[in-house]
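Enquirer:
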Ligand SMILES: Nc1ncnc2c1ncn2[C@@H]1O[C@H](COP(=O)(O)OP(=O)(O)OP(=O)(O)O)[C@@H](O)[C@H]1O
Ligand SMILES: [Mg+2]
């Protein structure tokens, strides 16, 4: 089966925009900031899902975003990935890429990978083949799954398998993996594209405690080389990650700091933690 056929199959689903990119070497992070949002507003039928949201993420940072249901966390990711156009505001990737003027595939291509809540893996293919496909979905190259992999490609897949702890499952059909393993496989598929920025929306939802802890270790190992923005409700997981925490409420930043600091903030307790 060709990559094109796979991409047009229903199994491909929502993640298609994730896959068609390779790392662009030219991202300008000379000011340390990899992602910069200023006064972003998004309205749905007059309701302000984002209301002058401003946020800056440093290169290599692992940032957690928390906040009550409907605070605008997913909408923020939709704006960053080009799925939703803001009514107002600026959104830059590095110093020079204006994300509000780029299409979803262009943004993915520029080095922003997004993990959706529902894994978009190929259930009937092996774990290894899933990673191979993720590497080969550069749409400019007409490649089939059965074209020969070069040594560099094999090494890259082996490294990724190790990182996502699926080395022993490489030849297993992806559909037979546990929920947590499927999530890791999808993260592995994103990593095959070498994104500079990873957006992860509720990545540990539905995972066992053990899987959640392993996911935390994985994210911490990715920080530095990649920048990560993680939306979660699981406070133990956020504590494990240990990064700066941004609290969203009604489409804007309510508080920002380390977890202990935002947990002690009376406004945060009132709208979120005290529920
Ligand atoms: N396409 C849309 N059309 C209309 N309203 C929308 C749309 N997308 C989001 N909203 C609304 O915008 C608000 C913010 O939603 P969003 O999904 O960003 O919240 P969230 O912080 O991700 O919440 P949760 O923690 O429940 O995932 C909600 O009130 C939601 O109903
Ligand atoms: Mg959400």
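In my numbering, the protein residues as written are -1 to 273. We put the beta carbon where it would ideally sit given N, CA and C, even for glycine. As the structure is a prediction and not an experimental result, all values here were calculated from the model.
So which of 40, 233 and 173 has the shortest CA-CA distance to residue 125?
Expert: Per the Cα distances, 173.
Enquirer: Assuming residue 213 is part of the alpha helix (DSSP H), what are its boundary residues?
Expert: Element bounds for residue 213: 207 to 220.
Enquirer: What does the Cβ neighbour count give for residue 61, buried or exposed, with the cut at 16 atoms within 10 Å?
Expert: Classification of residue 61: buried, given that the 10 Å Cβ count is 16 or more.
Enquirer: Output the distance between the C-alpha atoms of residue 138 and residue 107, rounded to the nearest integer angstrom.
Expert: Bear in mind that the predicted position of residue 138 carries a pLDDT of just 46, short of 50, making it too unreliable to give a figure here.
Enquirer: Among the candidates 213, 98, 91 and 92, whose CA atom is the shortest distance from the CA of residue 84?
Expert: Closest by alpha carbon: 98.
Enquirer: Flag this pair as yes or no: are the beta carbons of residue 275 and residue 194 separated by less than 8 Å?
Expert: What the structure shows of the chain is the stretch from -1 to 273, and residue 275 is not part of that stretch, so it cannot be assessed.
Enquirer: Using alpha carbons as the reference points, say which of 206, 192, 180 and 234 lies closest to residue 114.
Expert: Residue 180 is the option with its Cα nearest to residue 114.
Enquirer: Taking 6 Å as the limit, name every residue whose beta carbon sits nearer than that to some heavy atom of ligand 1, in sequence order.
Expert: Residues with a Cβ closer than 6 Å to any heavy atom of ligand 1, in chain order: 42, 47, 65, 67, 68, 69, 70, 71, 72 and 73.
Enquirer: Does the distance between the C-beta of residue 199 and the nearest non-hydrogen atom of ligand 2 fall short of 7 Å?
Expert: Yes; taking the cut-off as 7 Å, the Cβ of residue 199 has a heavy atom of ligand 2 nearer than that.
Enquirer: Can you look up residue 139 in the DSSP assignment and give me helix, strand or coil?
Expert: Only weak support is given to the placement of residue 139: the predicted model assigns it a pLDDT of 49, under 50, and the question is left unresolved by the model.
Enquirer: Mind the definition here: the segment 59 to 75 touches the segment 215 to 223 only if three or more C-beta pairs lie below 8 Å; say whether that holds.
Expert: Flag = yes, the segment 59 to 75 and the segment 215 to 223 touch.
Enquirer: Which full runs of the beta strand (DSSP E) of 3+ residues lie inside the segment 66 to 140, going along the chain?
Expert: As far as the segment 66 to 140 is concerned, its whole beta strand (DSSP E) runs of at least 3 residues are 86 to 91 and 110 to 113.
Enquirer: If we call anything under 8 Å between Cβ atoms a contact, is residue 247 one with residue 269?
Expert: Contact: yes.
Enquirer: Out of 192, 48 and 132, which one is the CA nearest neighbour of residue 72?
Expert: Among 192, 48 and 132, the Cα nearest to that of residue 72 is on 48.
Enquirer: Please report how far the alpha carbon of residue 209 lies from the alpha carbon of residue 159, in whole angstroms.
Expert: Their Cα atoms are separated by approximately 16 Å.
Enquirer: What are the start and end residues of the beta strand (DSSP E) that includes residue 154?
Expert: Element bounds for residue 154: not the beta strand (DSSP E) but the alpha helix (DSSP H), 149 to 161.
Enquirer: What are the residues that DSSP puts in a beta bridge with residue 294?
Expert: Lying outside -1 to 273, the shown extent of the chain, residue 294 is not represented and no answer is given.
Enquirer: In whole angstroms, what is the alpha-carbon distance linking residue 164 and residue 183?
Expert: The straight-line gap from Cα to Cα measures roughly 8 Å.
Enquirer: When the distance is taken between beta carbons, is residue 221 closer than 8 Å to residue 51?
Expert: Taking 8 Å as the Cβ cut-off, residue 51 and residue 221 do not qualify as a contacting pair.
Enquirer: Under the rule that 16 or more other beta-carbon atoms within 10 Å means buried, what is residue 169, buried or exposed?
Expert: Burial call: exposed.
Enquirer: Label residue 225 either buried or exposed according to how many other C-beta atoms from any shown protein chain fall within 10 Å of its C-beta, with 16 as the threshold for buried.
Expert: Buried is the call here.
Enquirer: Report the partner residues of residue 235 according to the DSSP bridge assignment.
Expert: Paired residues: none, contrary to the question.
Enquirer: Given a cut-off of 8 Å on the beta-carbon distance, is the pair residue 31 and residue 77 in contact?
Expert: Not a contact, by the Cβ cut-off of 8 Å.
Enquirer: Evaluate residue 264 with the Cβ neighbour count: other Cβ atoms within 10 Å of its Cβ, from every protein chain shown; 16 or more gives buried, anything less gives exposed.
Expert: Residue 264 should be labelled exposed.
Enquirer: Starting from the Cα of residue 119, find the closest Cα among 259, 177 and 92 and give me that residue.
Expert: For the residues 259, 177 and 92, the minimum Cα distance to residue 119 belongs to 177.
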